[in-house]
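Quick note, the sequences are listed as chains A, B, C and D, same order. Residue numbering for the first sequence follows my numbering, starting at 115 and increasing by one per position. Residue numbering for the second sequence follows my numbering, starting at 115 and increasing by one per position. Residue numbering for the third sequence follows my numbering, starting at 115 and increasing by one per position. Residue numbering for the fourth sequence follows my numbering, starting at 115 and increasing by one per position. Notes follow the structure.
Number of protein chains: 4
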Amino acid sequence: MQNVIEEGLLHRAPGRPRDNAVRERILKAGLDLLQEVGFANATCDAIAERSGASKATIYRWWPNKAAVLIDAFVERLTPELPIHDVSTLEEYVTFNLKQFTRVLMGSNGRLFAAVIAAAQTDQDVQSAFLSHWIKPRRALFRTLLERYRAEGLLPDNYDFDQVLDVMYGPLLFLLMVRHVELTLAYAENLANMVLNGLLPR
Amino acid sequence: MQNVIEEGLLHRAPGRPRDNAVRERILKAGLDLLQEVGFANATCDAIAERSGASKATIYRWWPNKAAVLIDAFVERLTPELPIHDVSTLEEYVTFNLKQFTRVLMGSNGRLFAAVIAAAQTDQDVQSAFLSHWIKPRRALFRTLLERYRAEGLLPDNYDFDQVLDVMYGPLLFLLMVRHVELTLAYAENLANMVLNGLLPR
Amino acid sequence: MQNVIEEGLLHRAPGRPRDNAVRERILKAGLDLLQEVGFANATCDAIAERSGASKATIYRWWPNKAAVLIDAFVERLTPELPIHDVSTLEEYVTFNLKQFTRVLMGSNGRLFAAVIAAAQTDQDVQSAFLSHWIKPRRALFRTLLERYRAEGLLPDNYDFDQVLDVMYGPLLFLLMVRHVELTLAYAENLANMVLNGLLPR
Amino acid sequence: MQNVIEEGLLHRAPGRPRDNAVRERILKAGLDLLQEVGFANATCDAIAERSGASKATIYRWWPNKAAVLIDAFVERLTPELPIHDVSTLEEYVTFNLKQFTRVLMGSNGRLFAAVIAAAQTDQDVQSAFLSHWIKPRRALFRTLLERYRAEGLLPDNYDFDQVLDVMYGPLLFLLMVRHVELTLAYAENLANMVLNGLLPR
DNA sequence: ATCTAATCGAGACGGTACGTCGAGTCTTCCC
DNA sequence: GGGAAGACTCGACGTACCGTCTCGATTAGAT
Numbered sequence: 115m116q117n118v119i120e121e122g123l124l125h126r127a128p129g130r131p132r133d134n135a136v137r138e139r140i141l142k143a144g145l146d147l148l149q150e151v152g153f154a155n156a157t158c159d160a161i162a163e164r165s166g167a168s169k170a171t172i173y174r175w176w177p178n179k180a181a182v183l184i185d186a187f188v189e190r191l192t193p194e195l196p197i198h199d200v201s202t203l204e205e206y207v208t209f210n211l212k213q214f215t216r217v218l219m220g221s222n223g224r225l226f227a228a229v230i231a232a233a234q235t236d237q238d239v240q241s242a243f244l245s246h247w248i249k250p251r252r253a254l255f256r257t258l259l260e261r262y263r264a265e266g267l268l269p270d271n272y273d274f275d276q277v278l279d280v281m282y283g284p285l286l287f288l289l290m291v292r293h294v295e296l297t298l299a300y301a302e303n304l305a306n307m308v309l310n311g312l313l314p315r
Numbered sequence: 115m116q117n118v119i120e121e122g123l124l125h126r127a128p129g130r131p132r133d134n135a136v137r138e139r140i141l142k143a144g145l146d147l148l149q150e151v152g153f154a155n156a157t158c159d160a161i162a163e164r165s166g167a168s169k170a171t172i173y174r175w176w177p178n179k180a181a182v183l184i185d186a187f188v189e190r191l192t193p194e195l196p197i198h199d200v201s202t203l204e205e206y207v208t209f210n211l212k213q214f215t216r217v218l219m220g221s222n223g224r225l226f227a228a229v230i231a232a233a234q235t236d237q238d239v240q241s242a243f244l245s246h247w248i249k250p251r252r253a254l255f256r257t258l259l260e261r262y263r264a265e266g267l268l269p270d271n272y273d274f275d276q277v278l279d280v281m282y283g284p285l286l287f288l289l290m291v292r293h294v295e296l297t298l299a300y301a302e303n304l305a306n307m308v309l310n311g312l313l314p315r
Numbered sequence: 115m116q117n118v119i120e121e122g123l124l125h126r127a128p129g130r131p132r133d134n135a136v137r138e139r140i141l142k143a144g145l146d147l148l149q150e151v152g153f154a155n156a157t158c159d160a161i162a163e164r165s166g167a168s169k170a171t172i173y174r175w176w177p178n179k180a181a182v183l184i185d186a187f188v189e190r191l192t193p194e195l196p197i198h199d200v201s202t203l204e205e206y207v208t209f210n211l212k213q214f215t216r217v218l219m220g221s222n223g224r225l226f227a228a229v230i231a232a233a234q235t236d237q238d239v240q241s242a243f244l245s246h247w248i249k250p251r252r253a254l255f256r257t258l259l260e261r262y263r264a265e266g267l268l269p270d271n272y273d274f275d276q277v278l279d280v281m282y283g284p285l286l287f288l289l290m291v292r293h294v295e296l297t298l299a300y301a302e303n304l305a306n307m308v309l310n311g312l313l314p315r
Numbered sequence: 115m116q117n118v119i120e121e122g123l124l125h126r127a128p129g130r131p132r133d134n135a136v137r138e139r140i141l142k143a144g145l146d147l148l149q150e151v152g153f154a155n156a157t158c159d160a161i162a163e164r165s166g167a168s169k170a171t172i173y174r175w176w177p178n179k180a181a182v183l184i185d186a187f188v189e190r191l192t193p194e195l196p197i198h199d200v201s202t203l204e205e206y207v208t209f210n211l212k213q214f215t216r217v218l219m220g221s222n223g224r225l226f227a228a229v230i231a232a233a234q235t236d237q238d239v240q241s242a243f244l245s246h247w248i249k250p251r252r253a254l255f256r257t258l259l260e261r262y263r264a265e266g267l268l269p270d271n272y273d274f275d276q277v278l279d280v281m282y283g284p285l286l287f288l289l290m291v292r293h294v295e296l297t298l299a300y301a302e303n304l305a306n307m308v309l310n311g312l313l314p315r
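Structure (structure tokens):
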């Protein structure tokens with residue numbers, strides 16, 4: 115039954131189908147180059163050469179270099195930052211900040227910093243990062259936050275985006291400025307501070 | 115006698131002296147272009163043309179495009195962010211976040227972002243930014259925060275650096291990611307959220 | 115029974131037979147494009163699109179773009195340049211030069227020029243043009259010239275190929291260089307000059 | 115006096131002057147490549163690499179590959195085809211056809227063919243070839259032909275341009291179609307045929 | 001009053017990557 | 001097996017910006 119339905123619905127496009135192995139080789143090459151030589155030096159020519167793909171193929175599927183690298187970035191980081199449902203806001207904030215810190219402490223931290231840095235000088239990166247990372251992930255987080263608010267765990271007058279900025283902003287700021295070391299202890303203290311506020315209770 | 119003394123003291127280099135007006139025209143052109151077309155499109159050729167200077171002159175005094183803009187950054191921003199003493203922590207946080215936001219909202223915001231971005235790939239920029247901006251300003255802020263803590267306005271167990279990260283991190287995060295507009299209202303809400311925490315009181 | 119006999123006699127290849135309508139659509143599309151946009155811009159993709167054929171079909175039957183266009187060229191021009199038998203050399207030269215000029219003056223002139231031009235940069239065109247146009251036509255002309263020589267109408271020491279070069283060379287030269295207009299009057303004067311030579315009789 | 119005048123007239127342009135050695139290296143590389151690999155494979159990348167110039171420099175001074183090669187063509191062939199004055203029409207025709215044939219037989223033959231071919235698809239090449247090569251050279255030849263006609267060595271009713279077409283057309287036709295080898299013997303026979311005509315005297 | 005040494009504007013230059021385009025090949029499904 | 005659709009590799013195209021260089025003109029102090 116399932117087969118019949120799929121047969122009818124998923125009408126295969128005519129012509130040679132896209133070779134997914136090529137897509138993956140391109141993304142892998144992009145990711146490797148991003149870590150090895152940085153965003154600016156991860157050229158499309160190099161990606162093409164290393165992946166064994168042609169530049170034409172790259173540009174058929176991505177509008178520019180930035181899009182390729184962001185795509186690779188997203189594909190790499192998405193599984194490393196799964197969205198878990200936890201029962202209370204304390205748990206939620208603490209868990210996510212520690213999880214995110216753990217990612218930023220590894221080699222992916224440099225990746226994150228490189229992407230955000232590139233976004234400052236490249237409009238393509240900026241919009242790709244927004245539409246492929248920030249926007250979709252925020253949409254997912256929003257439903258959780260709405261539940262917390264409905265349960266009275268989060269003040270009514272707080273803007274969701276801003277809540278997330280307060281959570282993740284300090285971590286990314288530290289990642290990029292590096293005035294002190296990024297540690298799990300920092301993340302825990304941060305969670306506490308963010309939850310309770312600067313004013314004494 | 116006079117000559118000899120001046121010779122010894124000032125040790126004037128032979129040849130035509132540097133024309134300071136050119137330096138200022140270059141910095142101004144760089145800032146203007148940054149504001150108008152963004153970092154990537156603020157090309158050295160454009161800076162040269164607009165300032166009436168030659169590219170050779172630019173590269174004689176700065177190693178690259180980023181250096182020009184960082185130079186402009188320090189010169190422009192330092193006077194715009196004076197440190198004011200206010201009596202309560204609420205006032206302090208609100209005042210400083212709004213003041214900083216006002217700076218970031220203008221063309222200097224791009225400048226700030228560009229410097230932090232450059233720091234991700236350039237160790238010199240990184241340490242220069244730390245030692246000429248972050249560290250000295252944090253040292254000044256620290257004395258204020260210590261007073262607030264002594265007066266019981268700030269919990270004892272909060273790390274000073276982290277307090278500042280929680281304040282400025284969200285703003286800089288928003289500056290660089292730009293998922294929503296940076297406004298004074300955002301800054302006020304942020305101050306409120308940071309002071310009271312995410313948990314309901 | 116019928117089936118068996120046909121099978122044996124015609125030795126029909128297995129599978130779907132070649133669709134001759136496709137061949138003609140391809141040649142027509144190639145010819146049209148050749149005249150409209152010239153040899154260089156008559157791309158295979160455009161031929162495929164206009165003819166409704168796929169590129170694979172084109173490359174199954176012709177080794178390359180040049181072959182397609184030459185094939186089209188020959189098919190178009192052969193009926194337009196029939197070989198007529200005339201009794202005297204004067205008539206022969208005058209008739210053929212005028213007939214050829216008439217062809218070159220129309221849109222087929224650009225076609226001819228395009229093919230010869232393409233032959234300069236494309237070995238495939240060169241040999242195709244020689245084997246499909248020059249060689250077979252010269253073979254036919256040769257028998258006529260031999261008869262004229264036998265009748266004493268053409269000096270014995272003249273090389274046949276060279277006679278044809280002297281006849282057609284000037285026309286093609288003018289076609290390609292275009293320093294003056296190609297006209298029937300030009301052809302008539304040319305015939306006279308070629309027949310009588312430059313020296314006064 | 116002379117100095118004063120030159121001082122006033124030849125006012126040097128500001129900025130770094132064009133490096134003529136680069137221009138010559140580019141033209142030489144273009145010619146060499148043309149000879150070695152043909153027009154189609156004489157790519158701009160190859161010219162840049164071989165000449166040691168950058169592609170940007172090539173495209174700063176020439177609009178495209180064809181222009182580079184035509185420029186080289188004129189500079190190369192002009193000194194190789196000097197115009198000599200000879201006393202009789204026979205001598206004149208024989209000498210010039212042999213001289214021209216000698217040029218076409220060498221590597222410059224491909225050059226000539228390539229330029230005429232390029233002119234078929236490129237209006238700029240067409241007019242440049244006419245104005246920089248055909249027109250000025252024909253003007254020079256015309257005075258010679260006028261003298262021959264005045265001396266009764268050339269029939270009165272022959273058009274000068276057509277006389278030259280009859281002389282050079284066959285050679286260029288052979289050059290481009292290459293149905294037989296181009297030799298000095300061919301040139302001599304051609305001269306004889308052109309002078310005496312196809313009809314027996 | 002020259003001489004020397006540096007600055008400056010103009011712009012040519014080598015280099016590197018960009019993003020595009022066409023040729024010719026290969027892969028899938030349909031008939 | 002023939003054919004349409006279209007993905008793919010290869011390689012050249014022409015453009016843009018970077019940072020360097022080479023000029024002549026300029027501007028001072030030194031002789």
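Cβ coordinates follow ideal geometry from the N, Cα and C atoms, glycine included. For clarity, every value in this text was computed on a predicted model and none was experimentally measured.
Look at the stretch 244–267 of chain C: the residues with a C-beta under 8 Å from a C-beta of chain D are Leu244, Ile248, Lys249, Arg252, Gly266, Leu267.
At a cut-off of 8 Å, the C-beta of Tyr173(C) has no neighbouring C-beta in chain D.
Against chain D, a Cβ distance below 8 Å from Thr235(C) picks out Gly152, Phe153, Ala154, Ala228, Ala231.
For Phe243(D) and Gln149(A), the gap between their C-alpha atoms comes out near 54 Å. Along the stretch 189–260 of chain C, the alpha helix (DSSP H) occurs as fully enclosed runs of 4 or more residues at 203–219, 221–235, 237–243, listed in sequence order.
Taking C-beta separations shorter than 8 Å and ignoring five residues to either side along the sequence, Pro250(B) has no partners in its chain. From the beta-carbon of Arg292(D), the residues of chain C found nearer than 8 Å are Gln240, Leu244. Taking a C-beta distance under 8 Å as the contact criterion, Asp273(A) and Leu288(B) do not qualify as a contact pair.
With three or more CB-CB distances shorter than 8 Å, the stretch 138–147 of chain B counts as touching the stretch 156–176 of chain B. Listed in chain order, the non-local C-beta contacts of Thr202(B) below 7 Å within the same chain comprise Leu267, local neighbours out to five positions each way being set aside. Excluding five sequence positions before and after Glu204(B), the CB atoms of its chain that fall closer than 7 Å to its own CB belong to Leu309, given in chain order. The shortest CA-to-CA distance from Ala227(B) to any of Arg256(B), Val188(B), Ser245(B) is the one to Val188(B). Between Thr208(A) and Glu302(A) the beta-carbon gap is near 7 Å, inside 8 Å, which marks them as a contact.
CA-to-CA, the gap between Tyr300(A) and Gly129(B) works out to about 56 Å. Within the same chain, Cβ atoms closer than 7 Å to the Cβ of His198(A) are found at Phe209, the five residues on either side in sequence being excluded. Judged by beta-carbon spacing, Ala232(B) lies within the 8 Å limit of Ala180(B), meaning their Cβ atoms are closer than that value.
Taking each of Asp133(C), Arg139(C), Arg292(C) in turn and checking the Cα distance to Ser241(D), the smallest one comes out for Arg292(C). Under the three-state reduction of DSSP, Val294(C) is assigned to coil, being neither helix nor strand. Pairing Asn155(A) with Val182(C), the inter-Cα distance amounts to about 44 Å. Within the stretch 153–193 of chain D, the complete alpha helix (DSSP H) segments of 4 residues or longer fall at 158–165, 169–175, 179–191, listed in chain order.
Close partners of Met307(C) in chain D (Cβ separation under 7 Å): Tyr272, Gln276, Val280.
Contacts between Pro128(A) and chain B, judged by CB atoms closer than 9 Å, are missing: the closest CB pair is about 39 Å apart. About 14 Å separates the Cβ atoms of Leu298(C) and Pro284(C), ruling out a contact at the 8 Å cut-off. Here Met219(C) is not near Leu312(C), since their CB atoms are 8 Å or more apart. The beta carbon of Ala167(B) sits closer than 7 Å to the beta carbons of Val136, Arg139, Ile140 from its chain, once the five residues preceding and following it are set aside; these are given in chain order.
Straight through space, the alpha carbons of Thr257(D) and Gln276(D) are spaced by roughly 15 Å.
Distance from the CA atom of Gly152(C) to the CA atom of Ile248(D), rounded to whole angstroms, is 23 Å.
From the beta-carbon of Val207(C), the residues of chain D found nearer than 8 Å are Leu312. Under the three-state reduction of DSSP, Tyr282(A) is assigned to helix. In this structure, DSSP gives Ala143(B) a helical state, which the three-state scheme calls helix. The C-beta of Phe287(D) comes closer than 8 Å to at least one C-beta of chain C. The C-beta of Arg315(B) comes closer than 8 Å to at least one C-beta of chain A. Distance from the CA of Ala170(C) to the CA of Val239(A), rounded to the nearest whole angstrom, comes to 38 Å. Under the three-state reduction of DSSP, Asp133(B) is assigned to coil, being neither helix nor strand. For Arg263(C), the secondary structure class from DSSP, reduced to helix, strand or coil, is helix. In terms of Cα proximity to Pro314(B), the closest of Asp270(A), Ala253(A), Val200(A) is Asp270(A).
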